[in-house]
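All remarks here apply to the structure that follows.
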Amino acid sequence: LAKTTQPISMDSYEGQEVNITCSHNNIATNDYITWYQQFPSQGPRFIIQGYKTKVTNEVASLFIPADRKSSTLSLPRVSLSDTAVYYCLVGDIGTGGFKTIFGAGTRLFVKA
Amino acid sequence: GEEVAQTPKHLVRGEGQKAKLYCAPIKGHSYVFWYQQVLKNEFKFLISFQNENVFDETGMPKERFSAKCLPNSPCSLEIQATKLEDSAVYFCASSPNNEQFFGPGTRLTVL
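Going down the list, the sequences are from chains A and D. Counting from 1, position 98 in the first sequence corresponds to residue 129 in our numbering; the numbering is continuous, with no gaps. Counting from 1, position 51 in the second sequence corresponds to residue 59 in our numbering; the numbering is continuous, with no gaps.
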């Protein structure tokens, strides 16, 4: 099972770009990389998912190097409402990968 | 759009009592997952279903925990004889593929 490692916390200011990196050295061939956002008293919310290279959607970008042993979530121009915990999850439903625990996540605090 | 529904929102039980949590997955999603989130934010996987069949139950403390996902009924997670350490938020997620959609969670407090 792939285990993920993320920084425990990060601080940023409104309007800045934030990059959160996740290490997953034991990622398997079939595993996808998925990032979730969680606010207090809510369930995690899907942000972005990728397999390799770069993925971009309306809220974030995900950079995955060729060896796939890490990934970086990029949040452009963060606002106060982006203060949350961000989780990196590596797995594949077909191979039972989602028994992998999320880990403690990265607590992002955006300041005015 | 549709959302995963979980009931109740809060549940308080005395130690040794039974607790039953419910989850209505999004229609059309084949997979259902149950996770336990404790104070340090870490999620512990409990069990997953593919339709009504158990897909992976390696995270379940089987002596007290059980779960079902029957056709045309909400999925359920039941804890017999709750213990203090069962106090946590229990999340259900449903998925059509590798993207999981989470419910709002049920906060269980065991006194």
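For every residue, glycine included, the Cβ atom is placed at its ideal position computed from N, Cα and C.
Cα-Cα, which of the options is closest to residue i?
| i | options | result |
| --- | --- | --- |
| residue 28 of chain D | D:34, D:16, D:67 | D:16 |
| residue 60 of chain A | A:53, A:124, A:118, A:40 | A:124 |
| residue 97 of chain D | A:51, A:50, A:67, A:75 | A:75 |
| residue 80 of chain D | D:18, D:10, D:21, D:34 | D:34 |
| residue 157 of chain A | D:113, D:118, D:119, D:78 | This structure gives no information on residue 157 of chain A, because the portion of chain A shown stretches from 32 to 143. |
| residue 73 of chain A | D:59, D:109, D:57 | D:109 |
| residue 34 of chain A | A:62, A:51, A:50, A:47 | A:62 |
To which residues of the same chain is residue i closer than 6 Å at the C-beta, ignoring the five residues directly before and after it?
| i | result |
| --- | --- |
| residue 116 of chain A | 69, 136, 138 |
| residue 32 of chain D | 13, 82 |
| residue 30 of chain D | 15, 82, 84 |
| residue 38 of chain A | 137 |
| residue 88 of chain A | 79 |
Can you check DSSP and say which residues form a bridge with residue i?
| i | result |
| --- | --- |
| residue 45 of chain D | D:51, D:97 |
| residue 86 of chain D | D:28, D:74 |
Apart from the five residues on each side of it in sequence, which residues of its chain come closer than 8 Å, Cβ to Cβ, to residue i?
| i | result |
| --- | --- |
| residue 64 of chain A | 53, 55, 58, 80, 81, 82, 93, 95, 99, 102, 119, 120, 121 |
| residue 85 of chain A | 92, 93, 94, 95 |
CA-CA distance, residue i and residue j?
| i | j | result |
| --- | --- | --- |
| residue 43 of chain D | residue 141 of chain A | 28 Å |
| residue 24 of chain D | residue 65 of chain D | 23 Å |
| residue 106 of chain D | residue 89 of chain D | 34 Å |
| residue 20 of chain D | residue 55 of chain D | 22 Å |
| residue 115 of chain D | residue 86 of chain D | 14 Å |
| residue 66 of chain A | residue 104 of chain A | 8 Å |
| residue 45 of chain D | residue 99 of chain D | 7 Å |
Got a sec? Which residues, its chain only, sit under 7 Å from residue i by beta carbon, not counting five neighbours each side?
| i | result |
| --- | --- |
| residue 111 of chain A | 45, 141, 143 |
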